[in-house]
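> According to my numbering, the sequence shown holds residues 11 to 346 in order.
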Amino acid sequence: MPVACSAKCGAPAVLKRPKTGDTLCKECFFNAFELEIHHTIVKNKLFEKHRRVAIAASGGKDSTVLAHVLKVLNERYTYGLDLVLLSIDEGITGYRDDSLETVKQNKEDYEMDLKILSYNELYGWTMDAIVNQIGRKNNCTFCGVFRRQALDRGAALLRVDCVVTGHNADDIAETVLMNVLRGDIARLQRCTDIITTGSDSIPRCKPLKYAYEKEIVMYAYYKKLVYFSTECIFAPNAYRGHARTFLKHLEKIRPASIMDIIHSGEQFSIKEGVKLPNREICKLCGYLSSQPVCKACSLLEGLNKGLPKLSLSKQSVQNRIRLENQIKIQQAVAQL
Ligand code: SF4
Ligand code: ZN
């Protein structure tokens, strides 16, 4: 005997919501999922009317669902937003080239303009070339730092008022866990913020902050959305991978763990007097930075000098100079 939809619509239930345990029919699940995102947007005042908003689109499930839901809500609740897609091409053969095809499909399906910016045009390096030079150990550090700045640059080019990203509840809970484990107070303070400021002051918003990954997959599946699900060939980011596995174990025992971790993260506050990094303008690129030269510029400098490990080091300037000199001496000795 089929179970009736718990929203009492009269239809048989086809799924159990991972977040609430409700048994729902497809339509009632779509409504509940979309309504929660609408509430997140309204409650947190993510957008003002008639704003131009860039959706950071990777072709993956999160950004595809985000683009779809924002289009639906924009029409249903007359937000009056001008939505555009912004994609970053890291230059990863066999991964990003394929996923960008999905974004191009999204552009057609959702009738939105699409801007693709590549690491190659911005930095003169592809991730393929970076991995060739540095190996597979710190590649995600380079990729993450460059992507953050590339999104800022894309947002400025598109003259948008805000960039929305597909970070979901699982991603945020994982980040809280990682920052606790690393004792990274500065990041812990801001990682649960639903609106953050990019390094050029264009706000970044996370409308899927409270959406469970499992429900995003379910929504994409039942809506038959086209998305790219292959993992990056240069993954895994080992540390995040462990946090993710730990979170999945917790979720199995208690699905509410994801929300609880996010709420715990939101409660953290920093004791008065704790020194946080300054925000200043990078001397080289003009974007906001916590150092005189931003991380993207210092990583790029390391790559261009053929010394990428230098820019990864957290050591002082003196140590950096010492290391540079040591390498010069080693190179000179090798030439003897
Ligand atoms: Fe970039 Fe690492 Fe993500 Fe691949 S897994 S896209 S290298 S951050
Ligand atoms: Zn810079």
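Idealized CB from N, CA, C, for every residue including glycine.
All figures in this text were calculated on a predicted structure; none of them were measured in a lab.
Identify the residues that DSSP records as bridge partners of arginine 214: which are they?
Arginine 214 is bridged to Val173 and Thr206.
> With respect to 7 Å, is the separation between the Cβ of alanine 245 and the closest non-hydrogen atom of ligand 1 below this value?
Alanine 245 Cβ: within cutoff of ligand 1.
> Provide the residue(s) that pair with arginine 62 in DSSP beta bridges, ordered along the chain.
In the DSSP output, where bridge partners are listed per residue, arginine 62 has Asp92.
> Under 8 Å: do the segment 91-99 and the segment 122-135 share three or more Cβ pairs, one atom per stretch?
With the cut-off at 8 Å, the segment 91-99 and the segment 122-135 touch.
> I'd like the ranges of any alpha helix (DSSP H) spanning at least 4 consecutive residues and lying wholly in the segment 71-116.
With a minimum length of 4 residues, the continuous alpha helix (DSSP H) runs that stay inside the segment 71-116 are 71-86.
> Exposed or buried, valine 52, counting other C-beta atoms within 10 Å across all chains shown (16 or more means buried)?
By the neighbour-count rule (16 or more Cβ atoms within 10 Å), valine 52 is not buried but exposed.
> Taking a contact to mean a Cβ-Cβ separation below 8 Å, would you say arginine 163 touches leucine 132 in this structure?
Contact: yes.
> Tell me where the alpha helix (DSSP H) around aspartate 123 begins and ends.
Taken as a continuous stretch (DSSP letters only), aspartate 123 belongs to no alpha helix (DSSP H), being part of the beta strand (DSSP E) at 123-128.
> With DSSP run on the structure shown, which of helix, strand or coil describes isoleucine 398?
The displayed coordinates of the chain run from 11 to 346. Any statement about residue 398 would go beyond what the structure contains.
> Flag methionine 188 as yes when its Cβ comes closer than 7 Å to any non-hydrogen atom of ligand 1, and as no otherwise.
Checking the Cβ of methionine 188 against ligand 1 gives no.
> For the alpha helix (DSSP H) that serine 308 lies in, which residues bound it at each end?
Looking at the DSSP string, the run of the alpha helix (DSSP H) that includes serine 308 is 305-314.
> Can you tell me whether serine 299 sits near ligand 2, meaning its C-beta is under 7 Å from at least one heavy atom of the ligand?
Indeed, a heavy atom of ligand 2 lies less than 7 Å from the Cβ.
> Taking leucine 218 as the reference, which of Glu58, Thr74, Asn288 and Arg27 has the closest Cα?
The residue with the shortest Cα to Cα distance from leucine 218 is Thr74.
> Given the structure, does alanine 17 come close to ligand 2, in the sense that its CB is under 7 Å from one of the ligand's heavy atoms?
Not under cutoff, so the answer is no.
> With a CB to CB cut of under 7 Å and the five nearest residues on each side skipped, what residues in its chain are close to valine 24?
For valine 24, where only same-chain residues beyond five positions count, the Cβ hits under 7 Å are Cys35 and Lys36.
> What does DSSP give as the partner residues of proline 22 in its beta bridges?
DSSP lists Ala14 as partners of proline 22.
> Looking at the structure shown, is leucine 298 part of a helix, part of a strand, or coil, going by DSSP?
Residue state, collapsed to three classes: strand.
> For the 8 Å Cβ check, are there 3 or more pairs between the segment 78-85 and the segment 245-263?
In short, these stretches do not touch, since the Cβ pair count stays below three.
> Less than 7 Å between C-beta atoms, sequence neighbours within five positions excluded: which residues of the same chain meet that for glutamine 199?
Hits under 7 Å: Phe278 and Ile280.
> To the nearest angstrom, report how far apart glutamate 85 and lysine 258 are at their CA atoms.
Using only the alpha carbons, I get a separation of about 35 Å.
> So, is lysine 305 buried or exposed, given that buried needs 16 or more other C-beta atoms within 10 angstroms?
The residue is buried, with at least 16 neighbouring Cβ atoms inside 10 Å.
> On the DSSP bridge assignment, give the partners of threonine 33 in chain order.
Answer by DSSP bridge pairing, in chain order: Lys26.
> Apply the 10 Å Cβ neighbour rule to asparagine 149 and answer buried if 16 or more other Cβ atoms are within range, or exposed otherwise.
Classification of asparagine 149: buried, given that the 10 Å Cβ count is 16 or more.
> Does the segment 221-232 come close enough to the segment 102-120 that 3 or more CB-CB pairs lie under 8 Å?
Counting Cβ pairs under 8 Å, fewer than three are found: no touch.
> Once DSSP output is grouped into helix, strand and coil, what is the label at cysteine 201?
Cysteine 201 falls in the coil class under three-state DSSP.
> Does DSSP classify glutamate 118 as helix, strand or coil?
It is helical.
> In whole angstroms, what is the alpha-carbon distance linking proline 22 and glutamate 44?
Spanning the two alpha carbons is a distance of roughly 20 Å.
> Take valine 303 as the anchor and find which of Ala165, Asn314, Arg289 and Thr50 has the nearest alpha-carbon.
Among Ala165, Asn314, Arg289 and Thr50, the Cα nearest to that of valine 303 is on Arg289.
> Under 7 Å: does the beta carbon of glycine 154 sit that close to some heavy atom of ligand 1?
Answer for glycine 154: yes, Cβ within range of ligand 1.
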